[in-house]
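Our numbering puts the sequence shown at residues 253 to 578.
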Amino acid sequence: MTQQPIIKVQNLKKYFPVKGIFFTKGYVKAVDDVSFEIMRGETFGLVGESGCGKTTVARTILRLIKATSGRVFFEGKDVFKLKGDELLWFRRKAQIMFQDPYSSLNPRMTVFEIIMEPVRFHKIEVGDPEDFVVGLLETVGMNRDHLYRFPHEFSGGQRQRIALARILAMKPEFIVLDEPTSALDVSVHAQILNMLRDLQRERGFTYLFISHDLAVVKYMSHRIAVMYLGKIVEIAPSDKLFEEPLHPYTQALLAALPIPDPEYTRKKPKIEIRGEPPSPINPPPGCRFHPRCPHAMKICKEKEPPLTQVEPGRFVACWLYTGRKG
Ligand SMILES: Nc1ncnc2c1ncn2[C@@H]1O[C@H](COP(=O)(O)OP(=O)(O)OP(=O)(O)O)[C@@H](O)[C@H]1O
Ligand SMILES: [Mg+2]
């Protein structure tokens, strides 16, 4: 890992309109002013409850959906302004692996066609196509026998391997892993995660790793960002986040973690999240977590806490820490 950012996200917002019969009734503030950087070769974890905006962050960064506002830089280039060849270059270098291995592969294409389709689209020189695809299949733990089979003939784990082979064919640098294993059995899930880690070591990939499962995010990530209702509430190196979670929401997530770690249990903060997450359509004023926070103060109901550096490399958006500067 280097200290050079490959991705910079600045004040990213994505609001989805909620349509009424005659006019727009409001907006789902799925991503609401999010900023972070990912270093080259790093795995940056993004964790939070279902619906907090993780996938929307990923899709907006990759320009699969249009941002409401904000900027994203990839290798110094302004992603939302890319056109023509530069946009094609970005589409190759930045890839995404989706959660659902059943819908991400075209059921009417063979494995060979699935992998070669984007290769032809991007006019990538590969020598003998069959040898090229077999090489990729072997990298992901499959083989020549699988070349001319169709997606329905494979298990969920094998489909994710095929999806990964197709990504590798693009020679990417940055890969979003959006819950890549949450639909798989535990044993398969560990194999895929280990394969992703090995590939990162060998090829220097940068990952944005998305999951609602903190234990998995910890296993994969160098640093972790915790999201709550469209906002990042804390960013920290993985070990620091687990040793001393700062934000009450992070503390609550960790308290709910079912890991039998005696040392951790001793220090486990006694916090439970109360109530359901409020709606991202009309998020509460002030800190969005305040209706569920055991420490909520007057200011938390009135003013939104900014994401502030409290120690080198540690950022938190919570009024409890505003006096603690890094
Ligand atoms: N195309 C869309 N139109 C309208 N609302 C959307 C759209 N996509 C997402 N949303 C809303 O935006 C919010 C964030 O959704 P998103 O899928 O990013 O969450 P997530 O953190 O990835 O959740 P999960 O863990 O369930 O995958 C949710 O309230 C969701 O309903
Ligand atoms: Mg998602």
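Using N, Cα and C, we set each Cβ at its ideal position, and we do this for glycine too.
Asked, Found
"Any non-hydrogen atom of ligand 2 within 7 Å of Lys306 CB", "yes"
"Check whether Val371 and Ile533 have beta carbons under 8 Å apart", "no"
"Nearest-angstrom Cα separation, counted from Ile484 out to Thr433", "23 Å"
"Nearest-angstrom Cβ-Cβ length linking Arg566 and Ala488, presumed shorter than 8 Å", "5 Å"
"C-beta atoms of Ala282 and Thr308 nearer than 8 Å", "yes"
"Distance cut-off 7 Å: Asp352 Cβ against heavy atoms of ligand 2", "no"
"Inter-residue Cα distance where the pair is Arg449 and Val386", "21 Å"
"C-alpha gap between Thr560 and Thr574, whole angstroms", "8 Å"
"Met349 in three-state terms, based on DSSP", "strand"
"Closer than 7 Å: Glu663 CB and nearest ligand 2 heavy atom", "This structure cannot settle anything about residue 663, because the visible part of the chain is limited to 253 through 578."
"Proximity test, Ser302 beta-carbon vs ligand 1 heavy atom, cut-off 7 Å", "yes"
"Short Cβ contact (8 Å threshold) for Phe350 with Asp430", "yes"
"Residue from Lys260, Pro500, Val286 with nearest C-alpha to Thr320", "Val286"
"Gly379 versus Pro269 - alpha carbon distance", "47 Å"
"Three CB pairs or more closer than 8 Å across the stretch 286-303 and the stretch 353-369", "no"
"Of the listed residues Gly322, Lys423, Trp571, Leu436, nearest to Glu486 (C-alpha basis)", "Trp571"
"Phe288: CB within 7 Å of a non-hydrogen atom of ligand 1", "no"
"Best match in Gly482, His474, Leu481 for proximity to Phe494 [C-alpha to C-alpha]", "His474"
"Which residues DSSP lists as bridging Phe567, in chain order", "Ile487, Gln561"
"Cα-Cα separation, Gly328 to Asp337", "16 Å"
"Opposing strand residues paired with Gly507 [DSSP bridges]", "Checking the sequence shown, residue 507 turns out to be Ala, not Gly. Paired residue(s): none; Ala507 is not in a bridge."
"Where Val440 falls: helix, strand or coil (DSSP)", "helix"
"Arg518 burial status per 10 Å Cβ neighbour count (16 or more: buried)", "Summary for Arg518: the model assigns pLDDT 44, below 50, so the residue's position carries little reliability; its value from the coordinates is reported in the next sentence. Answer is exposed; the Cβ neighbour count stays below 16."
"Helix, strand or coil at Gln256 [DSSP, three-state]", "coil"
"CB of Gly482 within 8 Å of CB of Val440, strictly", "no"
"Thr574, DSSP secondary structure in three states", "coil"
"Residue range of the beta strand (DSSP E) that includes Leu460", "458-463"
"Ligand 1 heavy atom lying under 7 Å from the CB of Pro530", "no"
"Any non-hydrogen atom of ligand 1 within 7 Å of His464 CB", "yes"
"Contact set for Met317: own chain, Cβ-Cβ below 6 Å, skip 5 residues either direction", "The sequence as given places Ile at residue 317; Met does not occur at that position. If we look at Ile317 and ignore the five residues flanking it on each side, its Cβ neighbours are Arg311."
"CB of Phe426 within 8 Å of CB of Ile273, strictly", "no"
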